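FYI, my numbering numbers position 13 of the first sequence as 26, with every residue one higher than the one before it.
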Amino acid sequence: MSHDIFAHLRDRTITALRALLPEVPEEALSRVIMEPPRDASHGDMATNAALVVGKVAKMAPPKLAAELAAALKDCPEVEEAAPAGPGFVNLRLREDYVRGQVAVVLREGEGYGQGAAKPGSVNVEYVSANPTGPMHVGHCRGAVVGDALAGLLAKAGHRVTREYYINDAGAQVQALAYAAYWRYLQALGTRMTEEEYAQLIPGGLQYRGEYLIPVGQALMASHGSSLAVEDPVHGWGMSGPDLWLAPVRAFTVAAMMAEIREDLAALGVQHDIFISEAQLVRDGVLEKAEALLDSQGLIYRGTLPPPKGKLPEDWEEREQTLFRSEQFGDDTDRPLRKSDGSGTYFANDIANHLHKIERGFDALVHVWGADHGGYVKRMQAAVAALSGKRVSLDVVLTQIVHVMKDGQPVRMSKRAGSYITLRDLIDEVGKDAVRFTMLTRKSDAQMEFDLDLVVQQSRDNPVFYVQYAHARCRSVLRGAGDPSLESLAEAPLDSLTDPAELGLIRRIASWPRVVEAAAAAREPHRVAFFLNDLASDFHLLWNKGKEDTTLRFIQADQPAATQARLALVAATAAVVRSGLRVMGVTPVEEMR
RNA sequence: GCACCCGUAGCUCAAUGGAUAGAGCACCAGACUACGAAUCUGGGGGUUGGAGGUUCGAGUCCUUCCGGGUGCGCCA
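What follows is the structure in structure tokens.
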């Protein structure tokens with residue numbers, strides 16, 4: 014586990030408080046925080062300890078702050094501690110303690126920032142795109158956010174399982190099968206037109222993209238003409254769905270999943286496990302979940318009131334099987350069964366969640382598109398009911414991505430018909446740029462993905478800016494003969510005294526805290542912002558060396574100072590790599 | 001009608017309930033005989049959509065209104 018200087022000084026503070034006020038309740042202590050002040054002139058860290066404890070201890074915060082500051086001055090890490098404002102205590106750290114963090118980083122390398130192992134295990138479900146076609150940019154954001162979030166949670170010390178839920182049981186995969194069957198008939202050489210075929214099938218022809226052509230051909234290769242009937246008018250026509258629908262559906266879903274897995278691999282996303290909705294249904298998990306809820310009196314037959322305002326045209330009152338989700342904070346109860354007796358999507362997803370709970374996860378995290386936002390409460394209700402409130406469910410929503418080029422929105426894709434595919438995007442700008450850029454916004458904010466900017470090599474492009482900082486670090490280290498981290502970790506560091514050097518070290522030393530906070534908030538974009546700040550600190554130091562040559566890393570006549578600065582550069586590179594690894598972005602060695 | 005998300009500098013966006021709300025772009029003024037100028041330095045720019053409330057302290061939490069988005073009984 015990495016040494017988090019903020020957590021460490023917070024521990025010192027708690028210890029001091031206990032000594033000062035033996036009666037202080039744990040609850041109050043839990044609200045004590047240690048954080049960097051916004052204004053750097055206040056020092057390295059500030060704590061609210063006297064503010065949150067003063068009240069319960071019936072002691073004026075400024076007075077407690079003064080006593081606490083006096084106690085903290087005795088800590089070996091602390092240069093100065095002073096009460097400030099309404100009851101803060103500001104700390105300035107000893108510079109040798111700050112500098113010493115460089116050696117800490119070098120001993121841990123890319124592993125720096127790793128949090129202590131946390132109890133329990135987390136299931137992160139993401140992507141979960143319907144297996145009805147190639148992945149598009151909308152899926153892409155969820156894939157990157159989910160993958161980075163899983164990486165972040167692991168970095169923070171959680172045990173993480175990365176899961177993909179295949180929606181292969183509904184009407185949409187049926188429509189997909191009909192569409193694949195059309196390509197099959199075409200492969201056989203039918204003279205039927207697309208519109209004639211669309212008239213024949215329920216719901217019309219929904220998936221018209223070219224990507225199903227190879228599936229039709231593969232069906233012909235494996236089944237010959239056995240799935241069709243000869244037709245005097247068209248040559249080949251549709252046989253009874255009983256004869257072909259199930260095998261064609263299975264075949265097509267398998268083909269789509271193979272394609273999706275390739276897309277994910279191209280994006281560097283790898284799941285630990287794929288769960289099939291259809292398989293859960295076959296295994297009777299839905300009935301099991303229903304019985305479990307029923308045994309708690311949470312299921313009943315009843316009718317729901319119609320939505321207020323505009324009434325749907327075909328509204329009729331209907332009795333349904335309902336789950337009492339309202340008891341768990343939902344807005345209304347929710348139906349579990351369709352009129353044909355099969356489960357609603359919600360019911361199947363309840364089964365999915367029961368399956369997770371049974372596998373022993375303590376926390377569930379989902380990444381969903383924002384259009385599923387209205388679905389969050391009912392699912393949380395279900396998880397609470399199924400687990401006896403033992404298991405938590407957090408949902409991270411991702412907003413729409415607008416892909417822009419030359420200032421214009423990009424929409425069409427030749428292959429898929431109506432949307433820009435993930436493959437198009439990766440081919441255009443590369444996997445690393447896609448991943449990094451997708452994490453430069455909070456996930457629930459809409460995002461413009463500017464194809465021109467993302468490949469641009471300038472300050473405006475954070476992908477480049479961060480990679481460039483790493484490349485510069487590597488350039489210096491290569492020039493110095495690539496000393497090992499072990500040897501640099503032994504370097505005496507006391508020559509690192511410039512404010513720009515110490516600022517960079519402080520930034521580096523905040524990485525464990527960033528990991529912890531970003532993981533707790535389920536906000537992987539914070540890693541991207543941290544790396545941007547880190548790169549900025551490094552570029553600043555570099556540039557100071559241009560004007561003041563005594564600040565350059567390599568000083569021919571001062572081997573000790575050179576070693577110290579190489580250690581700082583190596584530590585910077587290690588932390589950049591550590592952050593990029595969480596994001597799933599490959600660091601570059603050079604950018605020539 | 002109801003629920004959820006969003007509203008922060010001209011633009012794109014940050015800010016675990018903390019002190020004087022920050023970056024980048026754009027704008028203005030500067031720095032290359034280079035450890036990589038693909039970079040950096042300085043400057044002007046704000047009633048955090050409005051109004052109440054909780055708190056020692058609110059961009060953040062609560063109420064309400066305005067504006068934008070998403071969804072709202074057998075689509076997933």
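We put the beta carbon where it would ideally sit given N, CA and C, even for glycine.
Only a predicted model underlies this, so the values are computations on that prediction, with no experimental measurement involved.
| Item | Value |
| --- | --- |
| Can you name, in chain order, every residue of its own chain whose Cβ lies under 7 Å from the Cβ of Asp276, other than the five neighbours on each side? | Pro147, Met148, Leu435, Arg436 |
| Let me know the alpha helix (DSSP H) ranges lying completely inside the segment 55 to 88, each 4 residues or longer, listed in chain order. | 62 to 69, 74 to 85 |
| CA-CA distance, Arg4 and Val65? | Summary: the structure shown does not reach residue 4, with the chain confined to residues 14 through 605, and so no result is reported for it. |
| Pick out the complete beta strand (DSSP E) segments inside the segment 207 to 245, 3 residues or longer, and give them in chain order. | 241 to 244 |
| Looking only at DSSP bridge pairs, what is Tyr313 linked to? | Leu335 |
| Between the alpha carbons of Thr145 and Gly113, how many angstroms are there, rounded? | 54 Å |
| By a C-beta neighbour count over all protein chains shown, 10 Å radius and 16 as the cutoff for buried, is Val1 buried or exposed? | For residue 1 there is no data in the structure shown, the boundaries of the chain being 14 and 605. |
| Among all the DSSP beta bridges, which residues are the ones paired with Gln421? | Lys418 |
| Could you have a look at His552 and say whether DSSP puts it in helix, strand or coil? | helix |
| Return the residue from the list Leu306, Ala259, Leu201, Asp445 that minimises the CA-CA distance to Ala234. | Leu201 |
| Does the distance from the C-beta atom of Gly56 to that of Ala95 stay below 9 Å? | yes |
| On the criterion of 16 or more Cβ atoms from any shown chain inside 10 Å, does Glu529 qualify as buried, or is it exposed? | buried |
| The ligand GTP heavy atoms versus the CB of Val150: any closer than 8 Å? | The ligand GTP is absent from the structure shown, which contains no ligands of any kind. |
| Out of Arg175, Glu603, Glu330, state which residue places its alpha-carbon closest to the alpha-carbon of Phe287. | Arg175 |
| Report the rounded CA-to-CA distance for Thr26 versus Leu81, giving the unit in angstroms. | 8 Å |
| Tell me the rounded alpha-carbon separation between Thr357 and Gly222. | 28 Å |
| Helix, strand or coil, according to DSSP, for Ser43 in the structure here? | coil |
| Per DSSP, what are the beta-bridge partners of His379 in this structure? | Glu138, Val408 |
| Quick one: complete alpha helix (DSSP H) runs, 4+ long, within the segment 475 to 529? | 475 to 492, 498 to 502, 512 to 522 |
| Tell me the DSSP secondary structure of Val173 in three-state form. | strand |
| Does the separation of the CB atoms of Tyr191 and Pro227 fall below 9 Å? | no |
| Between Leu33 and Val111, what straight-line distance do the alpha-carbon atoms span, to the nearest angstrom? | 27 Å |
| Hey, is the segment 168 to 182 in contact with the segment 443 to 463, meaning 3+ C-beta pairs nearer than 8 Å? | no |
| Short of 6 Å in beta carbon distance, which residues of its chain neighbour Ile370, apart from the five on each side in sequence? Order them along the chain. | Leu399, Ser400, Val404 |
| Please identify the residue among Phe542, Arg196, Glu272, His368 whose C-alpha is closest to the C-alpha of Tyr478. | Phe542 |
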